[in-house]
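Engineer: So for the sequence shown, full-length UniProt numbering puts the first residue at 1; every next one is plus one. Glycine residues also receive a C-beta, built at the ideal position from the N, C-alpha and C atoms. The structure displayed is predicted, hence computed values, not measured ones.
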Amino acid sequence: MMNVENMPTYDQSEQLAKAEAGVDQLFAQRKDRWYPLEHIASKAGWINDPNGLCYFKGRYHAYFQLHPFGTQWGPMHWGHVSSEDLATWRREPVAMAPSFEAEKDGVFSGSAVISDDGKMVIYYTGHRWRNGVNEDEGNLQEQCMAVSEDGIHFEKKGVVVPCPDDRIPHFRDPKVWKQGDTWTMVFGVCTPEHRGEIWMYTSPDMVNWTFVGPVYKHPDPKVFMLECPDMFPLGDEWVICYSAMGLSPEGFEARNHNNAGYVIGSWEPGQPFKQETEFHLWDDGHNFYAPQTCEAADGRRLMFGWMSPFTQPIPMDEDGWCGQFTVPREVTLAGDHLRTLPIREFDQLDEDKQDFGAIELGVNESRDLVADAQTADIEMEIDLAHSQAERIGLEIHRTSNGDHTLVCYDDQLERVVLDRHANTYGDRGYRTAPLDKSEGKLKLRIIVDRGSVEVYVNDALEVISSYSFPAEGPRAIRLVAESGEGKAIVSSLSIAKLRTIWETPDR
Ligand code: FRU
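Right, dumping it as structure tokens:
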């Protein structure tokens with residue numbers, strides 16, 4: 001017999017049609033000054049976390065948390081894009097809308113796996129407000145299941161992991177994989193004692209799930225929830241990652257409202273995870289959160305993050321859309337660290353590459369390189385051993401009123417800096433990433449889109465991802481050297497434009 005939580009509340013196809021109409025209405029007014037050409041985003045409306053990343057029947061699928069009726073977070077749906085080659089993306093219809101009791105206030109984040117009989121199976125969180133209207137009395141969250149033959153249409157199967165304790169305020173974001181013959185699920189929990197933990201369940205048949213225990217408990221008592229946890233093997237190691245709520249900033253680290261990172265260690269089924277490294281942020285930028293990974297068809301571990309705006313007001317909120325993913329990244333081990341380089345497929349988008357060769361700048365000298373770049377893929381090497389400038393770098397999104405975002409090496413900090421203090425639009429502030437100066441050189445790859453900058457430091461040992469909203473007019477790129485005893489030496493520099501990722505750019 002159907003229990004109450006699986007009772008239909010709305011007709012799914014009607015809800016999906018309404019969501020499409022909502023997105024279309026916002027799209028009709030969309031302004032494109034900052035709308036991404038190189039990053040996954042909804043055609044219009046608000047998006048957050050990447051969901052259900054998978055390779056299925058010859059295509060990659062990326063779903064995302066979508067509010068189709070506004071440009072701020074709201075009742076959650078699943079939006080959808082897909083790609084054959086991971087370089088060009090096609091927009092797909094909205095995949096899921098709330099339609100039964102347990103998910104009546106939102107279909108929250110989750111993941112996809114392919115069943116042994118070749119179907120896409122999605123596990124996600126059904127969300128309800130305990131008081132029916134807002135979070136004041138907590139959330140009632142349960143893990144739900146849906147099945148698809150084509151990745152477009154989903155048949156909902158209802159709740160498979162109910163919340164075991166009324167005192168649990170957060171219980172969400174299942175990530176599932178097959179370990180030997182056992183389906184294994186992890187998700188984030190805020191315990192009744194308000195501690196952030198990752199719990200594990202297993203199942204022989206994808207439907208009946210048994211609690212194994214907490215696989216990871218955050219050591220910091222202030223961390224009360226680990227959102228969007230993920231867990232995967234890499235070489236001989238295991239990685240656990242999560243998006244922590246409640247972490248305090250410390251020096252250059254964890255300066256965003258919530259902060260996403262990973263630890264590396266070992267794990268045996270049935271046992272807790274053994275942490276062997278420190279916690280590292282995935283990304284040092286202003287706007288990175290809730291990443292999810294999946295395995296590519298060739299075994300690579302791919303990661304897509306969400307560029308969370310975090311602070312209000314959000315400038316693109318007026319433009320009919322809000323939120324984009326990062327460029328998809330390949331995750332590889334580098335000692336006690338993970339590298340997260342743009343996937344090689346992204347290079348296919350480069351066109352009209354201009355090679356500037358080696359450049360030397362005198363004290364406080366600058367040079368305009370490009371007069372107007374909507375997008376750019378920049379590669380640059382700085383000779384740290386022979387440069388004497390205090391700061392060497394690029395002003396990006398430089399408009400005639402002087403606005404720009406500075407990406408530079410700062411010799412006082414001995415760090416790479418992304419500084420937005422000279423911007424009219426959006427949150428300002430700076431973020432930095434460490435580097436090993438003793439190597440004598442610094443390699444930067446910088447991916448510029450209409451409203452964002454991603455900086456990959458020394459083959460992505462560190463990454464800084466931040467929104468950057470340029471002012472009106474052409475957007476120049478300028479090389480600059482600031483102060484110091486002598487020259488700034490750039491050993492190589494090239495700038496390519498990028499072809500858009502969208503299969504049909506006008507939609
Ligand atoms: C993370 C998150 C998830 C949740 C989803 C709701 O950004 O809060 O924990 O499932 O967003 O949209």
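For Gln-412, which three-state DSSP category applies?
Structural biologist: If DSSP states are grouped into helix, strand and coil, Gln-412 belongs with coil.
Engineer: Report the CB separation of Asp-230 from Thr-293 in whole angstroms; it is logged as a contact under 8 Å.
Structural biologist: So it is a contact: roughly 5 Å between Cβ atoms.
Engineer: Quick check on Arg-344: buried or exposed, where buried means 16 or more other Cβ atoms within 10 Å of its Cβ?
Structural biologist: Per the 10 Å Cβ criterion, exposed.
Engineer: Could you tell me which of Leu-140, Lys-119, Val-121 sits nearest to His-127, measuring between CA atoms?
Structural biologist: The shortest Cα separation from His-127 among Leu-140, Lys-119, Val-121 belongs to Leu-140.
Engineer: Going by DSSP, what residues sit across from Tyr-10 in a beta bridge?
Structural biologist: In DSSP, Tyr-10 forms no bridge with anything.
Engineer: Tell me the residue span of the beta strand (DSSP E) that contains Arg-398.
Structural biologist: Start and end: 389-398.
Engineer: Check Leu-16 in the structure and name its three-state DSSP category.
Structural biologist: Three-state DSSP puts Leu-16 in a helix.
Engineer: Who does Arg-344 pair with in a DSSP beta bridge?
Structural biologist: Its beta-bridge partners do not exist; DSSP assigns none.
Engineer: Could you tell me which of Gly-484, Asp-173, Thr-405 sits nearest to Ala-112, measuring between CA atoms?
Structural biologist: Nearest C-alpha to Ala-112: Asp-173.
Engineer: Tell me where the beta strand (DSSP E) around Asp-350 begins and ends.
Structural biologist: Start and end: 350-355.
Engineer: Helix, strand or coil for Glu-135? Go by DSSP, reduced to three states.
Structural biologist: If DSSP states are grouped into helix, strand and coil, Glu-135 belongs with the helices.
Engineer: Considering only their Cβ atoms, is the gap separating Ala-244 from Leu-226 smaller than 8 Å?
Structural biologist: Cβ distance < 8 Å, so Leu-226 and Ala-244 count as in contact.
Engineer: Three or more C-beta pairs under 8 Å: does that hold for the segment 134-149 against the segment 166-183?
Structural biologist: Touching, yes, given that three or more Cβ pairs across the two stretches are closer than 8 Å.
Engineer: With DSSP as the reference, please indicate the residues paired to Cys-228 in a beta bridge.
Structural biologist: Bridge partners of Cys-228: none, in fact.
Engineer: Does the distance from the C-beta atom of Val-207 to that of Trp-199 stay below 8 Å?
Structural biologist: Taking 8 Å as the Cβ cut-off, Val-207 and Trp-199 do not qualify as a contacting pair.
Engineer: Beta-carbon within less than 6 Å of Met-1's beta-carbon, same chain only, minus the 5 sequence neighbours each way: which residues are those?
Structural biologist: Low confidence applies to Met-1: its pLDDT is 38, below 50, so where it sits in the model is not reliable enough to give any reading.
Engineer: Cβ of Arg-128 within 7 Å of any heavy atom in the ligand FRU?
Structural biologist: No.
Engineer: Beta carbon of Phe-108: closer than 7 Å to some heavy atom of the ligand FRU?
Structural biologist: Yes, since a heavy atom of the ligand FRU falls inside the 7 Å radius drawn around the Cβ of Phe-108.
Engineer: Compute the Euclidean distance between the alpha carbons of Ile-447 and Ile-382, then round it to the nearest angstrom.
Structural biologist: In a straight line, the C-alpha of Ile-447 is about 17 Å away from that of Ile-382.
Engineer: Please say whether Ala-389 and Ala-460 have beta carbons closer to each other than 8 Å?
Structural biologist: Result no, Cβ atoms of Ala-460 and Ala-389 do not sit closer than 8 Å.
Engineer: If you measure from the CB of Arg-172, is any heavy atom of the ligand FRU nearer than 7 Å?
Structural biologist: True, at least one ligand heavy atom lies under 7 Å from that Cβ.
Engineer: Going by DSSP, what residues sit across from Glu-237 in a beta bridge?
Structural biologist: Looking at the DSSP assignment, Glu-237 forms a beta bridge with Leu-234.
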